[in-house]
């Protein structure tokens, strides 16, 4: 096969019709929390069209009172949220709204090691979680 016929075959393969598929947007996230002086922090990544959706699974462990050896208090939170996003494509300023609903599980366990390893036990609570947001960002 000559170079010319090989090039023609390659071009025909590239230009051959295929089945149309919707594009999948995958937007991973990561976050850091603190029990210190942080009062508010937000990080977000987005993409897609006018309407979008997200599924969020998060786990946040916290060890409270670490500096006190007499008490071991552990708190963790697990969330599973589904989110719907809608934006208005109105030019450089695009207001949007977002709503999510899901489940939140909070677990607390407490031990007092200095009292012969006294284990006070653990409790957990399953709750409905929701969030509504609207925003009109300024043009940047």
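Residue numbers (my numbering): 1312 to 1451.
Cβ atoms here follow ideal geometry from the backbone N, Cα and C, with glycine treated the same way.
Span separating the alpha-carbon of residue i from that of residue j
{"i": "residue 1444", "j": "residue 1364", "result": "14 Å"}
{"i": "residue 1314", "j": "residue 1320", "result": "10 Å"}
{"i": "residue 1407", "j": "residue 1442", "result": "14 Å"}
{"i": "residue 1329", "j": "residue 1362", "result": "26 Å"}
{"i": "residue 1446", "j": "residue 1385", "result": "35 Å"}
{"i": "residue 1412", "j": "residue 1393", "result": "6 Å"}
Beta-carbon separation (whole angstroms), residue i vs residue j, contact threshold 8 Å
{"i": "residue 1419", "j": "residue 1439", "result": "Actually they do not touch by this definition, with Cβ atoms about 19 Å apart."}
{"i": "residue 1383", "j": "residue 1421", "result": "7 Å"}
Residue i, enclosing alpha helix (DSSP H) - first and last residue
{"i": "residue 1412", "result": "Run containing residue 1412: none in the alpha helix (DSSP H); it sits in the beta strand (DSSP E), 1407 to 1423."}
{"i": "residue 1447", "result": "Premise fails: residue 1447 is in no alpha helix (DSSP H) and is neither H nor E."}
{"i": "residue 1320", "result": "1314 to 1326"}
Segment limits, beta strand (DSSP E) that includes residue i
{"i": "residue 1389", "result": "1383 to 1398"}
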